[in-house]
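Numbering (full-length UniProt numbering), first residue to last: 1 to 331.
Let me begin by presenting the structure, written as structure tokens, before commenting on it.
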Ligand SMILES: Nc1ncnc2c1ncn2[C@@H]1O[C@H](COP(=O)(O)OP(=O)(O)OP(=O)(O)O)[C@@H](O)[C@H]1O
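Here it is as structure tokens:
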């Protein structure tokens with residue numbers, strides 16, 4: 001059963017010069033109960049915008065979002081609707097979401113009080129329990145945010161999200177500001193929490209290696225669209241979209257030898273002026289004529305797998321086995 005259903009969502013912004021553009025141009029994804037779904041793509045592809053639509057922080061201009069079978073309506077200035085308590089968001093920068101002048105115990109306690117998941121008398125014990133769940137000692141309660149490392153602050157942010165007894169946490173680049181060892185620890189913590197609490201996670205990251213380590217299923221986003229999705233292991237082993245191939249090719253090797261030579265030329269185009277046809281065509285090493293004029297549909301390319309690429313289209317594409325797949329690090 002799905003916890004979150006994002007159906008053909010569009011998110012439109014307006015620039016200062018009044019031009020409107022779609023940062024999310026019709027994206028769908030689902031998160032099953034206890035499942036970890038990764039959403040990957042370069043910076044500017046619309047991942048955060050989709051995440052904000054998923055939790056009701058921005059109103060989609062088209063499409064719908066359902067959480068636990070109920071429509072997610074954009075939040076107003078009033079309190080967060082109670083049906084959204086079990087849907088939590090953890091932001092990119094854990095420091096900015098913590099109050100520097102309040103002790104950690106009080107901040108986690110506040111989150112419990114807001115969610116109403118524990119009576120006043122049971123709150124202190126619950127704070128200690130939540131901190132323990134994220135691997136912090138009870139003594140952390142009496143300390144202030146600046147006394148913690150980036151990885152510990154992210155753990156505190158996760159503890160606050162857990163205070164609401166969520167069924168789903170959306171994490172927007174939770175590891176981006178951390179060093180490699182803290183990244184690995186927090187990634188393992190997320191895996192562990194998801195399993196122990198049957199917690200669903202939507203993990204947003206520009207780093208496919210992180211998603212490969214943690215997520216059961218992955219969706220790859222490019223310039224506002226999902227271009228590939230499927231079980232993470234299969235996508236990692238056998239990517240069907242040239243963009244996914246390039247992202248995998250750009251993952252640094254574990255031996256520290258750095259990224260492969262330029263596999264993804266250029267940058268993500270301005271979403272206000274998306275390329276015609278397939279949005280990826282100006283950067284695609286396999287571009288064909290049709291790619292410049294017609295947008296490829298997101299279609300099944302095997303069990304539980306989807307890709308939006310003319311190369312995969314039975315009537316248009318070549319056989320996928322003829323495509324070179326870049327070497328990538330083995331887990
Ligand atoms: N509030 C906003 N107003 C106008 N444009 C915005 C706004 N938020 C994001 N954008 C633009 O929308 C596009 C998608 O941004 P978004 O943050 O969703 O992408 P992303 O893939 O999460 O990238 P990043 O990791 O850099 O945040 C970008 O071109 C960005 O500049």
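A virtual CB, placed ideally from N, CA and C, is assigned to each residue, including glycine.
The model shown is predicted, which means the values in this text are computed figures rather than measured ones.
{"Item": "By Cβ distance, which residues of its chain are closer than 7 Å to residue 330, with the 5 residues on each side in sequence left out?", "Value": "With a pLDDT of 42 at residue 330, under the threshold of 50, the modelled position of this residue cannot be trusted, and the question is left open."}
{"Item": "Helix, strand or coil for residue 68, going by three-state DSSP, please let me know.", "Value": "coil"}
{"Item": "My understanding is that residue 220 touches residue 227, with C-beta atoms under 8 Å, so please give their C-beta distance in whole angstroms.", "Value": "5 Å"}
{"Item": "In whole angstroms, give me the CA-to-CA distance for residue 101 and residue 144.", "Value": "7 Å"}
{"Item": "Between the Cα of residue 65 and the Cα atoms of 26, 175 and 241, which residue gives the shortest distance?", "Value": "26"}
{"Item": "Would you kindly work out how many angstroms separate the C-alpha atoms of residue 14 and residue 271, rounded to a whole number?", "Value": "12 Å"}
{"Item": "If you reduce the DSSP assignment to three classes, tell me which class residue 44 lands in.", "Value": "coil"}
{"Item": "What did DSSP end up calling residue 219 once you bin it into helix, strand or coil?", "Value": "strand"}
{"Item": "So residue 112 packs on residue 127, CB below 8 Å; how close in whole Å?", "Value": "7 Å"}
{"Item": "Is there contact here, the region 199-214 with the region 282-289, by at least three beta-carbon pairs under 8 Å?", "Value": "no"}
{"Item": "If we call anything under 9 Å between Cβ atoms a contact, is residue 87 one with residue 4?", "Value": "yes"}
{"Item": "Please state whether the Cβ-Cβ distance between residue 167 and residue 35 is less than 9 Å.", "Value": "no"}
{"Item": "Could you check if residue 204 belongs to the surroundings of ligand 1, using beta carbon to heavy atom distance under 8 Å?", "Value": "yes"}
{"Item": "May I have the straight-line CA-CA distance separating residue 261 from residue 114, to the nearest angstrom?", "Value": "Because the pLDDT at residue 261 is just 47, under 50, the model does not fix this residue reliably, and the value given afterwards should be weighed accordingly. About 50 Å."}
{"Item": "Measuring alpha carbon to alpha carbon, tell me which residue in 187, 124, 110 and 175 is nearest residue 357.", "Value": "In the structure as shown, the chain starts at 1 and stops at 331, and residue 357 therefore has no counterpart that could be examined."}
{"Item": "At which residue ranges does the region 165-243 contain complete alpha helix (DSSP H) runs of 4 or more residues, listed in the order of the chain?", "Value": "180-197, 208-214 and 232-237"}
{"Item": "Give the secondary structure of residue 83 by DSSP, where H, G and I count as helix, E and B as strand, and everything else as coil.", "Value": "helix"}
{"Item": "I'd like the list of long-range same chain contacts for residue 301, defined as Cβ closer than 7 Å, with 5 residues on each side in sequence excluded.", "Value": "240, 307 and 312"}
{"Item": "Applying the criterion that 16 or more other CB atoms from any shown protein chain within 10 Å of the CB defines a buried residue, is residue 125 buried or exposed?", "Value": "exposed"}
{"Item": "What does residue 88 pair with, by DSSP beta-bridge criteria?", "Value": "169"}
{"Item": "Go ahead and pull the three-state DSSP assignment for residue 14.", "Value": "strand"}
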